[in-house]
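Colleague: One line per chain: the protein sequences are A and B, in this order.
Reading the first sequence from the start, the letters are residues 9 to 287 in the numbering used here.
Reading the second sequence from the start, the letters are residues 30 to 345 in the numbering used here.
Every residue gets a Cβ at the ideal spot worked out from N, C-alpha and C, and that includes glycine.
Small disclaimer: the values here were computed from a predicted structure and weren't measured.
Okay, handing you the structure first.
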Amino acid sequence: MARWLLARVMNTHAGAFGLVTVVVLLIVAIAAPLVALHDPNAIAPIDRLQPPSLAHIFGTDHLGRDLYSRVVYGTRVAIGVSIVVMSISLSVGVLLGIGAAYAPRALDQLVLSIFDIINAFPSIILALALVAVLGAGLGNLILLVSVVFIPQFGRVARAQTLSIRNSLFFEAEKVLGTQPWRILLHHVLPNIIGPIFVLASMNIPVVITIEAGLSFLGVGVRPPLASWGNLLHDGYTYLDQSPWPAITSGLALMLATLGFTLLGEALRDAIDPKLRRER
Amino acid sequence: MKLTAAAVAVVGAVLLLLSLTLLIPGDPATMLLGPRATPETVAALKAEMGLDLPLPTRLAQFLGRAATGDLGVDIFSGRPVSTMVLQALPNTILLAVSAILLAILFGLPLGTIAALKPDSIADQAIAFLSVGFVSAPSFVNSIFLLLVFALWLNWFPVLGAGTAGDPLDQLWHVVLPAVALAVGWIGYIARLLRSSLLEVLNEPYVRTMRAYGVPESVIVLKYALKPACIPTLAILGIGVGELLGGAVFAEVIFNRPGLGSLIYGAIAVRNYPVVQGGVLVVVLLFVATNFLVDLSYLWIDPRARARLALAGERSA
């Protein structure tokens, strides 16, 4: 299965580019202390806002910190946050979705209404309002961005569960006297896992963007922790003195979202060609 | 049906916004008066702001006042929030509408060209461009555009929304932020239109027209493009939400007055009435546009009209 998937993804230029980019980013995130050339938080005011050189290949920021090392450590934040957020929204969403599909009609409607309410906010505005109330910081950021994505997983899980409940093999299993939890484990979960997995991989670049965006606005990851959003904010502040902080962190962010988008689309086309048109 | 769902969503959103103010560590009255305030003055201000009332009462009051256009007052300046929102709104609407127009202006031709010559070099170039456009975050676009076209080339103004009462100057100021917001949508529209146009061009009625010798340009422009635009229209409705979210960044980066920068500025100083009022208006705008998009199906798609008429006859 894994080998088949890999072959399908590598089959197109876009998929191959996406996969290679994502693998490189994962390696950089895990091995950040080895990949970085300097301490990302070492301040050297005398070297502030330097253009790229042999000593600092991406240049330095307004405090003389090495930009390359900060971008490398920022990869950790971006990928770490998006994986944790997706795991939380996925588990909670799938549980709520399956639960709603099995629940009595009133409860089902209630869950759907809550999803509607969350969806009534443009995602970045909701995240902004929530973070503003509960305060900035890594923990709150992860928690609140997760809330924003729960309805998507919930809806897909609910729809898939309902369609399986209406299928003939489900009836047959029931007639044979199979335990409900067995049906859930052996039929419902394997059937919803594909679309859910695709949805998660398609949403990772969106989460990376939201994390960077909220950090850019100063309500996400707190400085001095190096997040691409923080770097971009510093770069924006000193844009008239040196373009390098903004250029390097902006390009890192663009590369990551592009890589994850291409990989997500390749996975979607490989796993579920029916989803091709629904974007 | 659609209308009740929209109303439920708006009321729920308001409830969520109001309950959020209950969760705040340190309530607005204490925030406003500072650490030296006596408990009595805090209590007095709380009573004046209505913060001592139970949540259902506050919700009813807020909804009642909001229905008459009263969104409360700015806790620092004492100005009515509705005035502030109304002043900011035109700037944001100008930005959003310009971005959508730009997206359609560039997205439609790109998608059409790609669909007419599938798998050609042009198609592959457009596909590459589109996915790059779609995945680029709008705030990175904003900063790069600001850097290149305002700071380096000096073609466009750096900051602000232009002089009030001077439409040309205002238009000049909206170009860069609108392009930054539109880039992603150009990509979306191009990709979506390509796939739906390809599908329509494979329909039997198109084959019949070709067999009758109707020129390809007439087939595409007159008969295929309109039905192919329908899925794109659906995406535009959802897109307005993302556009309003992206407007926060564009307005902050280009220092434009608008709903986004109003909310952002209020969040920084915990000015909750302004945050509440601003977010409420954003939600209303978002829900209303989606509703309008749903309605516009009826206008653009005769099949949807027929389905609705059929459903009406059945229920009657």
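Touching or not, the region 57-72 of chain A and the region 236-256 of chain A, by the rule of three or more beta carbon pairs under 8 Å?
Modeller: Segments in contact, yes.
Colleague: Tell me Val-102/B's beta-bridge partners as DSSP assigns them.
Modeller: Position 73 of the second sequence, counted from the start, is the residue given in the question as residue 102/B. Paired residue(s): Pro-109/B.
Colleague: Determine whether the Cβ of Pro-130/A lies closer than 7 Å to any Cβ atom of chain B.
Modeller: Reading the first sequence from its first residue, position 122 is the one you call residue 130/A. Taking Cβ atoms only, chain B reaches closer than 7 Å to Pro-130/A, which makes this a yes.
Colleague: To the nearest angstrom, how far is the alpha carbon of Ile-155/A from that of Ala-96/B?
Modeller: Along the first sequence, one-based indexing puts residue 155/A at 147. Along the second sequence, one-based indexing puts residue 96/B at 67. As written in the sequence, residue 155/A is Val, which differs from the Ile given in the question. C-alpha separation (whole angstroms): 29 Å.
Colleague: State yes or no: is the C-beta of Leu-210/B within less than 7 Å of the C-beta of Ser-167/B?
Modeller: Counting from 1 along the second sequence, the entry for residue 210/B is found at position 181. Counting from 1 along the second sequence, the entry for residue 167/B is found at position 138. Yes, Cβ-Cβ distance for Leu-210/B and Ser-167/B is below 7 Å.
Colleague: Should Arg-78/A and Pro-48/A be called a contact, given that it needs their Cβ atoms to be closer than 7 Å?
Modeller: Indexing the first sequence from 1 puts residue 78/A at position 70. Indexing the first sequence from 1 puts residue 48/A at position 40. Yes.
Colleague: Helix, strand or coil: which one does DSSP assign to Thr-67/B?
Modeller: Residue mapping note: residue 67/B aligns to position 38 of the second sequence, counting from 1. DSSP places Thr-67/B in coil when its eight states are reduced to three.
Colleague: Residues bridged to Asp-74/A by DSSP?
Modeller: Locating residue 74/A in the first sequence gives position 66, where the first residue counts as 1. Note: Asp-74/A sits in a beta bridge opposite Thr-68/A.
Colleague: Would DSSP call Thr-20/A helix, strand or coil?
Modeller: For this step, residue 20/A is matched to residue 12 along the first sequence. Correct three-state label for Thr-20/A: coil.
Colleague: Find the residues of chain B that neighbour Val-227/A, judging by a C-beta separation of less than 8 Å, and give them in chain order.
Modeller: Here residue 227/A corresponds to residue number 219 of the first sequence, with the count starting at 1. Near Val-227/A (Cβ distances below 8 Å), the residues of chain B are Ile-296.
Colleague: With distances taken between CB atoms, is the gap from Ala-128/A to Ala-279/B smaller than 7 Å?
Modeller: Within the first sequence, numbered from 1, the residue matching residue 128/A stands at position 120. Within the second sequence, numbered from 1, the residue matching residue 279/B stands at position 250. Result no, Cβ atoms of Ala-128/A and Ala-279/B do not sit closer than 7 Å.
Colleague: Can you give me the Cβ contacts of Ile-133/B inside the same chain, cut-off strictly under 7 Å, excluding the 5 residues immediately before and after it?
Modeller: Taking the second sequence and counting its residues from 1, the one referred to as residue 133/B is at position 104. Result list for Ile-133/B: Ile-218, in chain order.
Colleague: Alpha carbon to alpha carbon, what distance is there between Leu-207/A and Trp-12/A?
Modeller: Start at 1 with the first residue of the first sequence, and residue 12/A comes out as number 4. Start at 1 with the first residue of the first sequence, and residue 207/A comes out as number 199. Roughly 20 Å between the two C-alpha positions.
Colleague: Using CA coordinates, which residue listed in Ile-133/A, Tyr-81/A, Ala-10/A, Arg-163/A is at the minimum distance from Ser-99/A?
Modeller: As a position in the first sequence, residue 99/A is number 91, starting the count at 1. Checking every option, the nearest Cα to that of Ser-99/A belongs to Arg-163/A.
Colleague: What is the DSSP secondary structure of Leu-57/A, counted as helix, strand or coil?
Modeller: Locating residue 57/A in the first sequence gives position 49, where the first residue counts as 1. Of the three classes helix, strand and coil, the one that applies to Leu-57/A here is coil, per DSSP.
Colleague: How big is the Cα-Cα spacing for Phe-157/A and Leu-124/B?
Modeller: Translated into the one-based positions of the first sequence, residue 157/A becomes position 149. Translated into the one-based positions of the second sequence, residue 124/B becomes position 95. Their backbone Cα atoms lie some 27 Å apart in a straight line.
Colleague: Would you mind stating whether Gly-82/A and Arg-56/A have Cβ atoms separated by less than 7 Å?
Modeller: Locating residue 82/A in the first sequence gives position 74, counting from the first residue. Locating residue 56/A in the first sequence gives position 48, counting from the first residue. Not in contact: Gly-82/A and Arg-56/A (Cβ atoms no closer than 7 Å).
Colleague: The alpha helix (DSSP H) spanning Tyr-217/B covers which residue range?
Modeller: Residue 217/B sits at position 188 when you count from the first residue of the second sequence. That run of the alpha helix (DSSP H) goes 196-230.
Colleague: Which residue wins for smallest C-alpha separation from Pro-260/B, given the options Gly-268/B, Leu-230/B, Leu-222/B, Ile-296/B?
Modeller: On the second sequence, position 231 is the one that residue 260/B refers to. Measuring from the Cα of Pro-260/B, the nearest candidate turns out to be Leu-222/B.
Colleague: Assuming Ser-223/A contacts Val-229/A (C-beta within less than 8 Å), just tell me the rounded distance between them.
Modeller: Sequence index remark: in the first sequence, residue 223/A carries index 215 (1-based). Sequence index remark: in the first sequence, residue 229/A carries index 221 (1-based). Their Cβ separation, rounded to whole angstroms, is 5 Å, which keeps Ser-223/A and Val-229/A in contact under 8 Å.
Colleague: Can you list, in chain order, the residues of its chain with a C-beta nearer than 8 Å to that of Glu-228/B? Leave out the 5 residues immediately preceding and following it.
Modeller: As a position in the second sequence, residue 228/B is number 199, starting the count at 1. Here the set comprises Ala-257.
Colleague: Is the region 128-142 of chain A close to the region 269-284 of chain B, with three or more CB pairs under 8 Å?
Modeller: Enough Cβ pairs lie closer than 8 Å, so yes.
Colleague: Please list, in chain order, the chain A residues whose beta carbon lies closer than 7 Å to that of Ala-38/B.
Modeller: Working through the second sequence from its first residue, we reach residue 38/B at position 9. Correct list: Asp-124, Ile-125, Ala-128.
Colleague: Drop a sphere of 10 angstroms on the beta-carbon of Tyr-293/B, count the other beta-carbons inside from all chains shown, and report buried for 16 or more, exposed for fewer.
Modeller: For this step, residue 293/B is matched to residue 264 along the second sequence. Buried is the call here.
Colleague: Checking contacts by CB at 7 Å: is Ser-250/A closer than that to chain B?
Modeller: The sequence position of residue 250/A within the first sequence is 242, counting from 1. Taking Cβ atoms only, chain B never reaches closer than 7 Å to Ser-250/A, which makes this a no.
Colleague: Using a 10 Å radius around the Cβ and a threshold of 16 neighbouring Cβ atoms, would you call Gln-187/A buried or exposed?
Modeller: Position 179 of the first sequence, counted from the first residue, corresponds to residue 187/A. Classification of Gln-187/A: exposed, given that the 10 Å Cβ count is below 16.
Colleague: According to DSSP, is Gly-242/B helix, strand or coil?
Modeller: The residue labelled residue 242/B in the question sits at position 213 within the second sequence. Gly-242/B falls in the coil class under three-state DSSP.
Colleague: Which residues in chain B have a C-beta closer than 7 Å to the C-beta of Ser-121/A? List them in chain order.
Modeller: Here residue 121/A corresponds to residue number 113 of the first sequence, with the count starting at 1. Simply Val-37, Gly-41.
Colleague: For a contact defined as C-beta to C-beta under 7 Å, what are the partners of Leu-176/B on chain A?
Modeller: Taking the first residue of the second sequence as 1, we reach residue 176/B at position 147. Within 7 Å Cβ-Cβ: Leu-247, Pro-251, Ala-254.
Colleague: How would you label Glu-286/A, buried or exposed, when you count the other beta carbons within 10 angstroms and need 16 or more for buried?
Modeller: In the first sequence, the residue the question calls residue 286/A occupies position 278. Any reading at Glu-286/A needs caution, since the residue's pLDDT is 41, under 50, leaving its predicted position unreliable; the model's value is listed next. Counting Cβ neighbours within 10 Å, Glu-286/A comes out exposed, since fewer than 16 surround it.
Colleague: For Thr-217/A, collect the residues of the same chain with a Cβ closer than 7 Å to its Cβ; drop the 5 residues on either side in sequence, then sort them by chain order.
Modeller: On the first sequence, residue 217/A is found 209 positions in, with the first residue counted as 1. Once the five neighbours on either side are set aside, the close Cβ partners of Thr-217/A are Thr-265.
Colleague: DSSP three-state label for Tyr-246/A, please.
Modeller: For the purposes of this step, residue 246/A is identified with residue 238 of the first sequence, where counting begins at 1. The answer is coil: DSSP assigns Tyr-246/A none of H, G, I, E or B.
Colleague: I want to verify the contact list: residues of chain B whose CB lies under 8 Å from the CB of Phe-161/A, in sequence order.
Modeller: Taking the first sequence and counting its residues from 1, the one referred to as residue 161/A is at position 153. Going along chain B, no residue has its Cβ under 8 Å from Phe-161/A, so there is no contact; the nearest lies around 17 Å.
Colleague: Pro-109/B: which of Leu-92/B, Gly-306/B, Ala-35/B, Leu-230/B sits nearest, CA to CA?
Modeller: Taking the first residue of the second sequence as 1, we reach residue 109/B at position 80. When each option's Cα is compared against that of Pro-109/B, the closest is Gly-306/B.
Colleague: Report the rounded CA-to-CA distance for Pro-109/A versus Leu-192/A, giving the unit in angstroms.
Modeller: The residue labelled residue 109/A in the question sits at position 101 within the first sequence. The residue labelled residue 192/A in the question sits at position 184 within the first sequence. Reading the sequence as shown, one finds Ala at residue 109/A and not Pro. Cα-Cα distance, rounded: 12 Å.
Colleague: Among Phe-178/B, Ala-143/B, Thr-237/B, whose alpha-carbon lies nearest the alpha-carbon of Leu-158/B?
Modeller: The residue labelled residue 158/B in the question sits at position 129 within the second sequence. Measuring from the Cα of Leu-158/B, the nearest candidate turns out to be Ala-143/B.
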